[in-house]
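Notes follow the structure.
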Amino acid sequence: MNRTTLTLTSPKNFKFRSLLYSHGWSDLEPFKVRDDDKELRTAVSVSPTKHALVMISERGSKIRLTVDSKAPLNKCEQEIVKKSVGSMFRFNDSLDEFYSLCRKEKHLQWIPKIDGGRMLRSATVFEDIVKMICTTNCSWSLTKIIVNHLTTKLGTHISDGVYSFPSPKTIASQTERWMRKETSSGYRAPYLLEFAERVATKKLSIEHLRTEKMTTDELYNYLRSIKGVGHYAAGNLLKLLGHYDYLSVDSWIRAKFSEIHKNGRKVSDATIEKHYTHYGKWRGLVCWMDMTKEWHKT
DNA sequence: GCGTCCAGGTCTACC
DNA sequence: GGTAGACCTGGACGC
Numbered sequence: 118m119n120r121t122t123l124t125l126t127s128p129k130n131f132k133f134r135s136l137l138y139s140h141g142w143s144d145l146e147p148f149k150v151r152d153d154d155k156e157l158r159t160a161v162s163v164s165p166t167k168h169a170l171v172m173i174s175e176r177g178s179k180i181r182l183t184v185d186s187k188a189p190l191n192k193c194e195q196e197i198v199k200k201s202v203g204s205m206f207r208f209n210d211s212l213d214e215f216y217s218l219c220r221k222e223k224h225l226q227w228i229p230k231i232d233g234g235r236m237l238r239s240a241t242v243f244e245d246i247v248k249m250i251c252t253t254n255c256s257w258s259l260t261k262i263i264v265n266h267l268t269t270k271l272g273t274h275i276s277d278g279v280y281s282f283p284s285p286k287t288i289a290s291q292t293e294r295w296m297r298k299e300t301s302s303g304y305r306a307p308y309l310l311e312f313a314e315r316v317a318t319k320k321l322s323i324e325h326l327r328t329e330k331m332t333t334d335e336l337y338n339y340l341r342s343i344k345g346v347g348h349y350a351a352g353n354l355l356k357l358l359g360h361y362d363y364l365s366v367d368s369w370i371r372a373k374f375s376e377i378h379k380n381g382r383k384v385s386d387a388t389i390e391k392h393y394t395h396y397g398k399w400r401g402l403v404c405w406m407d408m409t410k411e412w413h414k415t
């Protein structure tokens, strides 16, 4: 095993722990949180056949990447790893405007204090979309099972129990029967296969979506063209693409909102939408942070 | 251990 | 455009 150490400079308003608990992604393979929240492990594919285990930790204002790979990484491949981690950690996203808005409201002032709101992404848009489809219509424990099966049965073993996330081509080459039986994805299997096949054959282009200048509605409609991505999944994916105009209300948000704001009384989605309307294009992020405040208590 | 019921979001057919 | 029903799984529950 070859080991390389790389360093990234974190942007202002960045806190490692806030990123880890930004949402559930750090709980899904190939992510692994280690050493009492001090290290995040994941896999980065630098080419279709070359994968690296990346151990990420915070060192003051720097981010240290300890990278293990079976063959040494050249300079170009090291840059791919750095760029990939920067994209996962949202280094290019500015939250200044969001923080200004939060500072004006007493109950939101805690957010800029913990540098919150930066939501962890997977190494690729493909991985994010597959995982989001796996969150639909099931418990979080089932989501973890499906993603775990996909990664450990179809990914490449790198080191220390870490597997790369499978490529579109690898997923597309499976049969629906195998997917249903071996990944517990059930009726989602044909959705995952169709999506992977469209990406693998370049009928659908998605990796540019993190940098493409598109309006929220254009992005939303693009995502909805993927079978298995409905209103909730598209809204959540938009957050991972830097657009926060959608609340993407699901059963958990309904229950949490009811508990926090309505003393447990049942509420309609329209009531929840109305509650956050005046936060404009940041309403989706304000809602999410409001719902997950307790996750950030130390 | 086994059977039954339920929750969860999306798609499709139908009105 | 709105709505009902099917999809499939793990987990909770009762026996």
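The working numbering applies: residue 118 is where the first sequence begins, and numbers increase by one.
Built from N, CA and C at the ideal position, the CB exists for glycine as well.
query                                                                                                      : result
Residues that Ile173 bridges to, as DSSP identifies them                                                   : Leu157, Leu182
Where Val150 sits in the DSSP three-state scheme                                                           : strand
Sequence-distant residues of its chain with Cβ nearer than 7 angstroms to Gln195 (five each side left out) : Thr121, Leu123
Ser143 to Leu340 span [Cα, whole Å]                                                                        : 23 angstroms
Pairwise C-alpha distance: Ile343 and Met296                                                               : 18 angstroms
Exposure of Gln226, with buried meaning 16 or more beta-carbon neighbours within 10 Å                      : exposed
Candidates Trp412, Val403, His325: closest to Lys223 by CA position                                        : Val403
Proximal residues to Ala317 (C-beta, below 6 angstroms), its chain only, five neighbours per side dropped  : Pro285, Lys286, Ala289
Pair within 8 angstroms by beta-carbon distance, Ser281 and Thr269                                         : no
Classification of Lys356 by the beta-carbon crowding that lies within 10 angstroms, buried from 16 upward  : buried
For Ile263, the first and last residue of its enclosing beta strand (DSSP E)                               : Unbroken run through Ile263 is the alpha helix (DSSP H), 257–271; no beta strand (DSSP E).
Stretch pair the segment 295–313 + the segment 252–271: three plus CB contacts closer than 8 angstroms     : yes
For Lys221 and Ser301, the rounded distance between their alpha carbons                                    : 46 angstroms
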